[in-house]
Amino acid sequence: KAGVTQTPRYLIKTRGQQVTLSCSPISGHRSVSWYQQTPGQGLQFLFEYFSETQRNKGNFPGRFSGRQFSNSRSEMNVSTLELGDSALYLCASRPGTVEGYTFGSGTRLTVV
Amino acid sequence: QKEVEQNSGPLSVPEGAIASLNCTYSDRGSQSFFWYRQYSGKSPELIMSIYSNGDKEDGRFTAQLNKASQYVSLLIRDSQPSDSATYLCAVKEWDFGNEKLTFGTGTRLTIIP
Numbered sequence: 003k004a005g006v007t008q009t010p011r012y013l014i015k016t017r018g019q020q021v022t023l024s025c026s027p028i029s030g031h032r033s034v035s036w037y038q039q040t041p042g043q044g045l046q047f048l049f050e051y052f053s054e055t056q057r058n059k060g061n062f063p064g065r066f067s068g069r070q071f072s073n074s075r076s077e078m079n080v081s082t083l084e085l086g087d088s089a090l091y092l093c094a095s096r097p098g099t100v101e102g103y104t105f106g107s108g109t110r111l112t113v114v
Numbered sequence: 274q275k276e277v278e279q280n281s282g283p284l285s286v287p288e289g290a291i292a293s294l295n296c297t298y299s300d301r302g303s304q305s306f307f308w309y310r311q312y313s314g315k316s317p318e319l320i321m322s323i324y325s326n327g328d329k330e331d332g333r334f335t336a337q338l339n340k341a342s343q344y345v346s347l348l349i350r351d352s353q354p355s356d357s358a359t360y361l362c363a364v365k366e367w368d369f370g371n372e373k374l375t376f377g378t379g380t381r382l383t384i385i386p
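Going down the list, the protein sequences come from chains A and B. Counting the first sequence from 1 gives a position; our numbering is that position plus 2. Counting the second sequence from 1 gives a position; our numbering is that position plus 273.
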């Protein structure tokens, strides 16, 4: 059974650009969440989608947005990149809304 | 601001001993609790979930939950060098009618051969 797949694995972007990250959940999983991980802040919740609807959103500026498609695949977009957006972005999926998450390998974003 | 707190460590434990990792949380309404293990350069991996007060055992791992005191712990028996990792406590919290999983900053565990 394939795990959570995130693409790309690594990205280098310039300040002011925008970026789109992709996540394919485990087959049958309908809930997808996104987290930002940095050495100083740890894992910070960005948002969760379930059946194409955003269920909850963390305390991030509006530059961070996401969506989920009918096949449960999800994308996260960050516009007007800042140096502080450099982080590991993790996608996680679960079958419903009760179980623990399974994480993907992450996308490491570097903003220069 | 609801919080999940862990001692950042590092926690050093001799091989074969019991490693004890602790976590406290602030949301009294929390019902679901998880422990994740994260090796350096890797993504977090779910190792235990617990929903009721008391102990839950899975192999060498035991999760303990005390909702009255708002703490959850993880015991690792017969610690092995391969257990060296950062352990993350996660708590499902309710925030304005929506639930989200909040993580502690993790405890770095080193098993000394």
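All C-beta atoms in this analysis are idealised placements derived from N, C-alpha and C, irrespective of residue type, glycine included.
Classification of residue i by the beta-carbon crowding that lies within 10 angstroms, buried from 16 upward
i: A290 of chain B; result: exposed
i: F307 of chain B; result: buried
i: D87 of chain A; result: buried
i: V114 of chain A; result: exposed
i: L338 of chain B; result: buried
i: I384 of chain B; result: buried
i: P317 of chain B; result: buried
i: K315 of chain B; result: exposed
Distance CB(residue i)-CB(residue j) smaller than 8 Å
i: Y309 of chain B; j: I320 of chain B; result: yes
i: V21 of chain A; j: L83 of chain A; result: yes
i: E366 of chain B; j: S281 of chain B; result: no
i: R333 of chain B; j: T359 of chain B; result: no
i: E50 of chain A; j: S26 of chain A; result: no
Helix, strand or coil at residue i according to DSSP, with G and I counted as helix
i: L83 of chain A; result: coil
i: Y103 of chain A; result: coil
i: V286 of chain B; result: strand
i: S33 of chain A; result: strand
i: Q20 of chain A; result: coil
i: R11 of chain A; result: coil
i: E372 of chain B; result: strand
i: T359 of chain B; result: strand
i: S26 of chain A; result: strand
i: E276 of chain B; result: coil
i: V113 of chain A; result: strand
What beta strand (DSSP E) runs, 3 residues minimum, are completely inside the stretch 35-97 of chain A?
44-52, 55-59, 66-70, 76-80 and 89-96
At which residue ranges does the stretch 293-357 of chain B contain complete beta strand (DSSP E) runs of 3 or more residues, listed in the order of the chain?
306-311, 318-323, 327-331, 334-339 and 344-349
Which residues, in chain order, does the stretch 357-384 of chain B contribute to contact with chain A at a C-beta distance below 8 Å?
L361, A363, D368, N371, E372, K373, L374, T375, F376, G377, T378 and G379
Residues in the stretch 280-292 of chain B having any Cβ partner in chain A nearer than 8 Å:
none
Looking at chain A, which residues of the stretch 291-308 of chain B have a Cβ within less than 8 Å of any of its Cβ atoms?
S305 and F307
Residues from the stretch 82-94 of chain A in contact with chain B, defined by Cβ distance under 7 Å
L92
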